[in-house]
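Beneath this line is the structure, given in structure tokens, with notes to follow.
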Amino acid sequence: MTTTNVSNSLHPDRPSTPLDEVFRCFICLGALQNAVLCPTCSKLCCEHCIKKWIREHRPECPHCRARLTTSQLVTCRFIDDLQQQLEVVTKNKKFAKKDICPKHETKISYYCKTCKVALCSDCAMFGDDHREHEFERLQTIYEHHVSNLKKQGDELRQRLIKFEEMIKNVELRERLCRDAKSQAEEELLSLTQYYQNLLSTQLQQKQTSLFVQKAVLTKDKECLRSALKEIDDAISNCSWVELIQEQEKIVDFLNRIQSSIPEQLKQKRVSTLFQRDFVPTYDYDIVEVKNFSQLVDTGAVYYSRPMKSSGISWRLKVYTIKENQETYLSMFLELLMGSSKPSTYQYSLALKHPLNLSGFERKFSSNFRLGDCWGYNKFCTLSFLQERGFVSKNVLRVRYMVRAATYYQRYLDQKRYIKKLEKALSSKASLVTPSKYTSLYGGKDSGDQVTCVPASPKETICAACKQPFIKKFDNSLNKWIVPNSVQISAKLYHLDCRKSSSAYDGDGDDDDDDDGESDNDAQSAAEVIGTPRLDKGKSSIRRSCYGISSLLKVTVDAMNTQVDFQFRVTAVEC
């Protein structure tokens, strides 16, 4: 039988005592657990130990060797209570020894606040180490510390309560998330069933339309077969005389058949696309890469025209590469105008056969940022193009499609584009406001704006003179020069600005392209010198002078909006 150290088995922190021997199991030599005793020798042991002994060895007491069964064991419940009380008494005795001064063997009842140590009265009164120190009763210090500990304990309990509440909230949120997930799954299943039914309905409609078309075509085909059979029978079975006599009837029959069948069959095209409200539709463009052989020989890169979709712009990039004695077609989709943040888009690149509906398509989904290109470096081999006949008359037809992965992404794209348009419109506020001009008979410099003052109605504004109005008017209109002279034949005339009837609402960039109008009749029109264009070709200004002493009309075409300026002018000879 295995034995253990007795003192360590009962109380490892103190030496064994005679009382401990009473509460020791004589089988495992440890502290009693659910104590029972032998009715013969009254020896205490653990219930588990004695039952295991009887079950695995023999039914007798291991101490007195008397016959013993589990039903004869006497339970001693009071032993557990005695053990607990013994533990309390032992601990109090241990603490009591610590409260005794080891030097004077008297009770420690004072606390030196200066040295922060507990001591007895003899140490406080007669000891040289604590002279003139500040003392306090130990009980007072103890109660103070207990009060602080209880206060901190109360705070910790409050925090514990809060943490328990937070844990409950987290658990509740977790349960709500699971419930929400289950609800979302049910909604998805319901939506899936709805859209499956919708797709089935659309398919049935398309099949019905195609069935009608097929029935009409089949009927016309049978009529044509009947006409051909009539011709073959007449040629095969009729003699020459009969054929000549029946020729008019046969021709009349054939004409009736052909007249019943239109030459151009009007077929309603049935789209292969299905309505899918939960996924955005594809925007697509079909590109024809002309002079394809030259593209292959030179290794040049082909860029398609841009395609706009929901405020973003795309284009197709096509070129060829050679690798391991094989030439590959490379096709990529490039984001020209869009967000600088990555967004997911689904795209399709497909080769279109020139003679039938067959093709070769690849689909993928990528995260695009402004300027990114995604696609296939080895879309297919050139031999594949030639074998399948995708290149016809040196032209390769490619269809590319793209869409946002979700409607939310499309909404973000449109929102960003709308903000961009609003910002562009706000920056194109009118620079010439009628309220700033009481009269345009003349003007003077007043900072960046033109403040007009009354002037003589006949005052001439000469091109050779430094007139403040013309000098500042070009700054007000984003540096485009208002003509102040006209050329009629060989004579130069000056313009006398009289009155403005409208304001400017466009954006201006310097450009010196001439876009004027001219006429040889000096009495009806004049050629305006130096008419510019705005915004590098995006907007234009046309100025025309309709006769002497008439209106100077300025037309601005910016952002698809035309704004007219009119100036009363008088042409006088220098």
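First residue of the sequence shown? That's 11 in the working numbering, and the numbers climb one at a time after it. Quick reminder that beta carbons are idealized off the backbone N, C-alpha and C, glycines included. Note that the structure is predicted; figures quoted are calculated from it, not measured.
field: Entirely enclosed alpha helix (DSSP H) segments - the stretch 109 to 157, minimum 4 residues
entry: 131 to 136
- prompt: Using the C-alpha atoms, what's the distance from T416 back to D423?
  reply: 11 Å
query: In the structure shown, what three-state DSSP assignment does L39 receive?
result: coil
query: Which one or two residues does DSSP pair with C390 in a beta bridge?
result: L339
field: Host beta strand (DSSP E) of N377 (start-end)
entry: 369 to 378
- prompt: What is the C-beta distance between L380 and S349, in whole angstroms, given that I count them as a contact (C-beta under 8 Å)?
  reply: 7 Å
query: Hey, C383 and E344 are a contact pair by Cβ (cut 8 Å); roughly how many whole angstroms apart?
result: 5 Å
query: Apart from the five residues on each side of it in sequence, which residues of its chain come closer than 6 Å, Cβ to Cβ, to A45?
result: L54, C86, I89
- request: For the stretch 283 to 293 and the stretch 393 to 405, state whether three or more C-beta atom pairs, one from each stretch, are separated by less than 8 Å.
  value: no
message: For the pair the stretch 168 to 184 and the stretch 143 to 150, tell me if three or more CB-CB distances fall below 8 Å.
response: no
task: State the DSSP-derived secondary structure class of L29, mapped to helix, strand or coil.
output: helix
- request: Check whether the stretch 253 to 264 touches the stretch 368 to 378, taking contact to mean three or more Cβ pairs, one atom from each stretch, closer than 8 Å.
  value: no
Bounding residues of the beta strand (DSSP E) (the contiguous stretch that carries D295): 293 to 300
message: Whole angstroms are fine: how far does the CA of K160 sit from the CA of V116?
response: Looking at the sequence shown, residue 116 is not Val but Thr. Going by the C-alpha atoms only, they are around 29 Å apart.
query: Whose C-beta lies closer than 8 Å to the C-beta of H140 among residues of the same chain, with five residues either side of it excluded?
result: C122, T124, C125, L129, C133, A134
Beta strand (DSSP E) segment containing A45, residue limits: 45 to 47
field: Whole-angstrom distance between H73 and P587, CA atom to CA atom
entry: For residue 587 there is no data in the structure shown, the boundaries of the chain being 11 and 584.
- prompt: Going by alpha carbons, who is nearest to S358 out of G369, L365, K351?
  reply: G369
Cβ separation of V405 and V299, assumed to be a contact under 8 Å, to the nearest whole Å: 7 Å
Close beta carbons around F263, own chain, < 7 Å, minus the five adjacent residues each side: E240
- prompt: Where does T416 sit, in a helix, a strand or coil, going by DSSP?
  reply: coil
message: Is the separation between the beta-carbon of K362 and that of F342 shorter than 9 Å?
response: no
message: Quick check on the burial criterion: 16 or more other C-beta atoms within 10 angstroms. Buried or exposed for L395?
response: buried
R65 - DSSP class collapsed to helix/strand/coil: helix
message: By the DSSP assignment, the beta strand (DSSP E) with S323 in it spans what residues?
response: 322 to 333
- prompt: Could you give the distance in angstroms between the alpha-carbon of I267 and the alpha-carbon of V280?
  reply: 27 Å
task: Locate the alpha helix (DSSP H) running through S269, then write down its first and last residues.
output: 250 to 270
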